[in-house]
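Numbering (our numbering), first residue to last: 7 to 412. First the structure, in the form of structure tokens, and then the observations on it.
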Ligand code: GLA
């Protein structure tokens with residue numbers, strides 16, 4: 007009887023797509039934290055992670071919600087004779103368990119990177135064929151978040167099936183007994199928004215971000231994109247994100263972009279998208295302005311709103327985007343984004359404005375309900391919908407307002 011039951015259970019675990027292995031309650035709102043890749047690439051070590059963790063605490067960013075400290079590629083070096091994954095002992099002399107203890111004792115959570123192929127993008131050992139062994143090891147180290155990349159997974163007919171790959175890692179995490187956020191990073195190649203929620207908590211929608219406003223960089227075979235290019239690919243995917251599973255337009259370049267306006271706009275728009283907010287800058291050396299931007303509690307509240315509805319592109323005129331995001335309790339956030347290189351005048355006449363999110367069935371009727379506006383940059387009252395909103399927006403800058411039914 008027991009063996010029958012055991013084989014029934016085993017069969018259940020092997021079926022792709024059965025019984026969602028991931029706990030949705032790990033990501034009821036988009037995950038927030040820090041990741042090493044955007045600023046440090048492969049140059050990471052224990053001292054850097056300690057320093058970053060301390061800076062997250064000292065700067066108040068941990069208390070603002072940025073709790074995950076995620077090591078991206080290059081923490082790992084090899085497998086031992088048993089196939090167990092080994093951290094780079096020169097870079098992480100105290101080992102991963104000690105690093106996890108360091109983070110947990112400071113109220114932070116611990117994330118690691120791996121890959122669904124045999125090797126990572128950086129040529130380190132990937133998890134293919136070692137998923138259960140790796141997840142068990144992660145659990146023993148106290149890992150809370152795993153990002154699984156898609157390099158070296160084969161191509162054409164020989165490409166690994168992404169549902170099989172992420173399903174296997176998802177079941178491996180479940181079998182480890184430790185809850186972990188699973189971040190699906192196959193760059194949007196196989197429409198992960200259609201299936202990612204079954205296995206993970208967030209899925210990349212595009213290739214890598216890079217720290218420019220509007221560029222596409224050719225790396226010879228693969229491309230990275232700036233803020234606008236990634237933003238422009240998100241509106242069509244808004245149906246798929248929500249509590250438990252999120253579109254991931256990639257980690258933040260806030261602090262790495264050349265101008266204050268671009269850093270502001272990038273952060274504001276990622277909060278409007280209900281994107282995971284994973285900081286990718288040098289937290290110890292960031293300027294007070296970047297710290298204040300990342301800690302802006304009005305923007306964080308827009309991102310973390312309990313409805314979990316990504317903003318829709320509401321009105322577009324050449325060079326100027328108006329986005330709108332329904333919030334809980336009949337509130338809204340609106341963002342006015344100047345894409346261009348010179349100042350722009352923007353005008354919204356509420357008497358004729360039609361704010362209707364048909365996809366999510368949310369409407370604001372400005373004839374019936376008057377809303378109070380709050381400027382998220384200053385926290386100051388910014389009038390009501392009784393009179394038109396008229397503003398000039400600087401180049402590459404964004405104005406964001408929350409609307410509260412008066
Ligand atoms: C890919 C991912 C990045 C980063 C690097 C690491 O490019 O998309 O986010 O993890 O690999 O090698």
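Built from N, CA and C at the ideal position, the CB exists for glycine as well.
- With at least 16 other beta carbons inside 10 angstroms of its own, residue 80 counts as buried.
- Between the ligand GLA and the CB of residue 43, the shortest heavy atom gap is smaller than 6 Å.
- Taking C-beta atoms as the reference points, residue 149 and residue 98 fail to come closer than 7 Å.
- Remark: the shortest separation between the CB of residue 254 and any heavy atom of the ligand GLA does not fall under 6 Å.
- Secondary structure in the stretch 71-121: the beta strand (DSSP E) runs of 3 residues or longer, each lying completely within the stretch, are 74-76, 82-85, 91-93 and 115-121 in chain order.
- The residue from 407, 29, 267 and 199 with its alpha-carbon nearest to that of residue 346 is 267.
- DSSP, read as helix, strand or coil, puts residue 173 in helix.
- Around the Cβ of residue 262, a 10 Å sphere holds 16 or more other Cβ atoms; the residue is buried.
- When C-alpha distances from residue 57 are compared across 105, 88, 32 and 78, the shortest belongs to 105.
- Using a Cβ-Cβ distance cut-off of 8 Å, the stretch 342-361 and the stretch 387-399 are in contact, since at least three pairs of beta carbons, one from each stretch, lie closer than that value.
- DSSP lists 230 as the bridge partner or partners of residue 223.
- Boundaries for residue 383: no beta strand (DSSP E) harbours it, and the DSSP string shows neither H nor E there.
- In this chain, the beta strand (DSSP E) harbouring residue 318 covers 318-323.
- With contacts defined by Cβ atoms closer than 7 Å, residue 199 and residue 151 do not form a contacting pair.
- Distances between the C-beta of residue 128 and the heavy atoms of the ligand GLA include at least one below 6 Å.
- Assigned with DSSP and collapsed to three states, residue 298 falls in helix.
- Shown here, residue 278 sits in a helix according to DSSP, grouped into three states.
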